[in-house]
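Everything below concerns the one structure shown next.
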Amino acid sequence: MRLSEATRGALPAAVAQAGYARAEQAGGIVHLGIGAFHRAHQAVYTDDAMAAGDRNWAITGVSLRSPQVQEQLAPQDGLYTVATRDADGERLRVIEAVRAVLVAPHDPAAVAAALAAPATRIVTLTVTEKGYHRLPGGGIDGASVERAGGTIYHYLAQAVRDRHAAGAGPMTLVSCDNMTDNGHVLHEGVGSLLDGAAAAWFARDWACPSTMVDRIVPATAPDDLDRIARHIGMRDDGAVVTEPFRQWVIEDRFATDRPRWDVGGAQFVADVRPYETAKLRMLNGAHSALAYLGLGAGHEFVHQAVADPAVRQVVERLMRREAAASLDAAPGQDLDGYADALLARFANPALAHRLAQIASDGSQKVGPRWLEALTINRARGVETPATLAALAGWLRHLRGQAGPVNDPMGDELAALWRDHDARGMVAALFGAGGRFAARWQADDGAADALAAMVENGVERN
Ligand code: CS2
């Protein structure tokens with residue numbers, strides 16, 4: 008038996024389900040990139056809103072590449088379980104907010120129609136950092152957008168043109184990816200493909216608020232699906248596993264009405280930057296450090312790496328003394344308390360969060376997670392040995408010292424490693440004119456320290 012509208016009545020009482028009149032809800036949201044993170048985050052907030060009586064925000068999910076999620080959810084009428092796990096056990100809830108999944112390369116016309124539909128007011132996105140086609144130093148890589156075709160920008164620019172031609176209303180485009188000023192990046196990318204009256208309308212009437220999203224959602228493993236099937240008494244191929252914690256801070260700048268996401272705890276604020284930068288540099292910055300240093304030390308999962316005293320020391324210093332020193336905290340924002348809470352979340356033994364998952368796409372991640380903080384801290388006169396140690400861990404990883412490299416710039420970075428020793432590699436990336444120099448340029452002291460750690464192993468600070 009498999010989870011679906013027809014079978015959900017047989018779910019055990021311990022599985023929470025809101026049970027609102029699902030069939031009566033019109034679609035209001037299109038989500039681009041319906042991976043595990045969306046299903047455990049924005050879809051849950053939307054489900055909370057509709058369970059509380061908000062109406063007509065059902066989600067049409069879009070996969071930009073693979074048919075996998077459609078294969079998981081279509082036979083289940085969009086229903087799936089969110090399993091929330093920590094040391095106290097596992098809680099299960101069925102989410103009802105997703106009503107259809109489209110696979111963009113198979114049915115681009117259906118995606119265009121969903122985006123053009125007058126009832127659609129909001130597009131949310133989780134396409135990972137690389138889905139935004141940014142240059143390593145910042146700014147949109149127009150050549151890469153053109154080469155790739157079928158990017159978020161192509162679909163959204165088409166939506167602007169279609170809605171403009173049809174006189175449908177503007178939309179709010181909500182990026183939920185881990186980038187500084189993610190709304191601004193999205194706005195720039197969509198705008199880059201528009202011209203004429205549609206471009207002017209987009210600039211004037213549409214909104215791209217920035218957001219900070221947070222929930223740790225490891226890729227679902229086959230074991231998870233088997234365990235959940237035992238607990239719910241039926242198969243659920245779309246289930247996702249996550250931690251109890253969730254947070255969503257959204258810039259309150261909408262072109263349209265919006266769901267009552269605050270029912271589920273989302274915050275609408277005037278300025279997300281203090282939350283966004285704290286989360287990127289402390290949580291994600293620590294995560295990437297755990298990934299490269301942890302893999303280098305032979306660990307497989309986040310909870311193992313954070314329990315290794317040598318790794319933990321570097322990561323704690325990176326969070327508490329370096330990332331925190333680079334931030335301009337909002338009034339009442341307690342960065343030390345934030346670091347405590349993050350360490351406790353990383354230690355969650357019930358989440359098998361693979362370091363290799365976090366280690367992927369480093370070229371897209373190190374800028375907002377480490378390099379921006381390095382630049383600010385140099386100006387502030389703050390020493391940054393832990394962030395440099397993390398960066399050395401990444402360079403060692405790129406040299407193939409900690410498992411396979413999975414990165415859109417992987418070939419280019421591997422070629423650089425073939426041509427250079429450690430000092431040369433540091434110069435190629437972070438020297439004057441280097442690939443990442445627009446984000447952070449290493450002075451001689453930093454370049455020496457970095458090259459030495461790459462060669463001799465990361466010193467334990
Ligand atoms: C992680 C994030 O994979 C990664 O790079 O750092 O996915 C992290 O788990 C989330 O941002 C937590 O909110």
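In my numbering, the protein residues as written are 8 to 468.
Glycine included, each C-beta is placed from N, C-alpha and C at the ideal position.
Just so we're clear, the structure is a prediction, and the values are computed from it rather than from any experiment.
Problem set entry | Continuous beta strand (DSSP E) stretch holding HIS38: start and end | Translated into positions along the sequence shown, residue 38 becomes position 31. Counting along the chain, the beta strand (DSSP E) containing HIS38 begins and ends at 34 to 39.
For this session: List in chain order: all unbroken alpha helix (DSSP H) runs of 4+ residues lying wholly within the segment 272 to 351.
Result: Listed in chain order, they are 280 to 285, 292 to 303, 309 to 314 and 316 to 324.
Exercise. Which of the three DSSP states, helix, strand or coil, is assigned to ASP2?
Worked result: Residue 2 lies beyond the range of the chain shown here (8 to 468); nothing can be said about it.
For this session: Check whether the Cβ of ASN347 lies closer than 6 Å to any heavy atom of the ligand CS2, and answer yes or no.
Result: The residue labelled residue 347 in the question sits at position 340 within the sequence shown. The sequence shown places Asp at residue 347, rather than the Asn named in the question. Checking every heavy atom of the ligand CS2 against the Cβ of ASP347, none is found closer than 6 Å.
Exercise. With burial defined as no fewer than 16 other Cβ atoms inside 10 Å of the residue's Cβ, what is the status of ARG211: buried or exposed?
Worked result: Stepping through the sequence shown from its first residue, residue 211 is reached at position 204. An exposed status is given to ARG211, since fewer than 16 other beta-carbon atoms sit within 10 Å of its beta-carbon.
Problem set entry | Anticipated Cβ contact below 8 Å, LEU39 with VAL69, distance rounded | Position 32 of the sequence shown, counting from 1, holds the residue named residue 39. Position 62 of the sequence shown, counting from 1, holds the residue named residue 69. Their Cβ separation, rounded to whole angstroms, is 5 Å, which keeps LEU39 and VAL69 in contact under 8 Å.
For this session: Return the residue from the list VAL465, GLY438 and LEU86 that minimises the CA-CA distance to ALA296.
Result: Taking the sequence shown and counting its residues from 1, one reaches residue 296 at position 289. Nearest C-alpha to ALA296 among VAL465, GLY438 and LEU86: VAL465.
Exercise. Do GLU250 and ASN355 have their C-beta atoms closer together than 7 Å?
Worked result: In the sequence shown, residue 250 corresponds to position 243, counting from 1. In the sequence shown, residue 355 corresponds to position 348, counting from 1. Judged by beta-carbon spacing, ASN355 lies within the 7 Å limit of GLU250, meaning their Cβ atoms are closer than that value.
Problem set entry | Which residues DSSP lists as bridging TYR87, in chain order | The residue given as residue 87 occupies position 80 in the sequence shown. ILE102, per the DSSP bridge assignment.
Exercise. How would you call HIS360, buried or exposed, if buried means at least 16 neighbouring beta carbons within 10 angstroms?
Worked result: Taking the sequence shown and counting its residues from 1, the one referred to as residue 360 is at position 353. Result: buried.
Exercise. Could you give the distance in angstroms between the alpha-carbon of ASP148 and the alpha-carbon of GLU195?
Worked result: Residue 148 sits at position 141 when you count from the first residue of the sequence shown. Residue 195 sits at position 188 when you count from the first residue of the sequence shown. Near 11 Å, if we compare the C-alpha coordinates of GLU195 and ASP148.
Exercise. Under three-state DSSP, which class holds ILE147?
Worked result: Position 140 of the sequence shown, counting from 1, holds the residue named residue 147. Strand.
Exercise. Just the Cα atoms here: how many angstroms apart are ARG467 and VAL318?
Worked result: As a position in the sequence shown, residue 467 is number 460, starting the count at 1. As a position in the sequence shown, residue 318 is number 311, starting the count at 1. Because the pLDDT of ARG467 is 45, which lies under 50, any placement of that residue in the model is unreliable, and the question is left without a value.
Exercise. What's the gap between the Cα of TYR87 and the Cα of VAL247?
Worked result: The residue you call residue 87 lines up with position 80 of the sequence shown. The residue you call residue 247 lines up with position 240 of the sequence shown. Going by the C-alpha atoms only, they are around 8 Å apart.
Exercise. Just how far apart, CA to CA, sit PHE512 and GLU329?
Worked result: No answer is possible for residue 512: it lies beyond the span of the chain, which begins at 8 and ends at 468.
Exercise. Do ALA458 and ARG430 have their C-beta atoms closer together than 7 Å?
Worked result: Here residue 458 refers to the residue found at position 451 when the sequence shown is read from its first residue. Here residue 430 refers to the residue found at position 423 when the sequence shown is read from its first residue. Result yes, Cβ atoms of ALA458 and ARG430 sit closer than 7 Å.
Exercise. In terms of alpha-carbon separation, which member of PRO392, ASP368, LYS372 and ILE365 lies closest to GLU323?
Worked result: Within the sequence shown, the letter at position 316 stands for residue 323. The option with the nearest alpha carbon to GLU323 is PRO392.
Exercise. Using a threshold of 6 Å, is the CB atom of ARG15 nearer than that to any non-hydrogen atom of the ligand CS2?
Worked result: The residue you call residue 15 lines up with position 8 of the sequence shown. No, the Cβ of ARG15 stays beyond 6 Å of every heavy atom of the ligand CS2.
Exercise. If THR127 sits next to GLY35, beta carbons under 8 Å apart, how far is it from one beta carbon to the other, in whole angstroms?
Worked result: Looking up residue 127 in the sequence shown gives position 120. Looking up residue 35 in the sequence shown gives position 28. For a cut-off of 8 Å, the C-beta gap from THR127 to GLY35 is around 7 Å, short enough to register as a contact.
Exercise. Are the segment 19 to 37 and the segment 62 to 82 in contact at 8 Å, needing three or more beta carbon pairs?
Worked result: The segment 19 to 37 makes contact with the segment 62 to 82: 3 or more CB pairs, one atom from each, lie closer than 8 Å.
For this session: Enumerate, from N- to C-terminal direction, the unbroken beta strand (DSSP E) stretches of 3 or more residues contained entirely within the segment 194 to 272.
Result: Taking 3 residues as the shortest admissible run, the segment 194 to 272 contains the following complete beta strand (DSSP E) segments, listed from N- to C-terminal end: 218 to 221, 247 to 249 and 254 to 258.
Exercise. Are ALA90 and ILE239 closer than 7 Å when you measure CB to CB?
Worked result: Your numbering for residue 90 matches position 83 in the sequence shown. Your numbering for residue 239 matches position 232 in the sequence shown. Taking 7 Å as the Cβ cut-off, ALA90 and ILE239 do not qualify as a contacting pair.
Exercise. Beta strand (DSSP E) containing GLY431: first to last residue?
Worked result: Numbered from its first residue, the sequence shown carries residue 431 at position 424. Per DSSP, GLY431 lies in no beta strand (DSSP E); the unbroken alpha helix (DSSP H) holding it starts and ends at 429 to 437.
Exercise. GLU97 bridges to which residues according to DSSP?
Worked result: Sequence index remark: in the sequence shown, residue 97 carries index 90 (1-based). ARG92, per the DSSP bridge assignment.
Problem set entry | 7 Å Cβ cutoff met for ALA298 and ALA366 | Sequence index remark: in the sequence shown, residue 298 carries index 291 (1-based). Sequence index remark: in the sequence shown, residue 366 carries index 359 (1-based). Taking 7 Å as the cut-off, the Cβ atoms of ALA298 and ALA366 count as close.
For this session: Could you check if GLU462 is buried or exposed, using at least 16 other CB atoms within 10 Å of its CB as the buried criterion?
Result: Residue mapping note: residue 462 aligns to position 455 of the sequence shown, counting from 1. With fewer than 16 other Cβ atoms within 10 Å, it is exposed.
Problem set entry | Residue interval of the alpha helix (DSSP H) (run including LEU142) | Stepping through the sequence shown from its first residue, residue 142 is reached at position 135. Segment: none, LEU142 is in no alpha helix (DSSP H) and carries neither H nor E.
Exercise. Under the DSSP definition of a beta bridge, which residues are partnered with ALA70?
Worked result: Sequence index remark: in the sequence shown, residue 70 carries index 63 (1-based). Here the sequence assigns Ser to residue 70, which means Ala is not the residue at that position. In the DSSP output, where bridge partners are listed per residue, SER70 has VAL110.
Exercise. Looking at the structure shown, is GLN408 part of a helix, part of a strand, or coil, going by DSSP?
Worked result: The count along the sequence shown starts at 1 and reaches residue 408 at position 401. Three-state DSSP puts GLN408 in a strand.
Exercise. Which partner residues of ARG361 appear in the DSSP bridge assignment?
Worked result: By one-based count along the sequence shown, residue 361 stands at place 354. DSSP output for ARG361 lists PHE308 as bridge partner(s).
Exercise. Is ILE257 near the ligand CS2, judged by its Cβ being under 6 Å from some heavy atom?
Worked result: Against the sequence shown, residue 257 aligns to sequence position 250. No.
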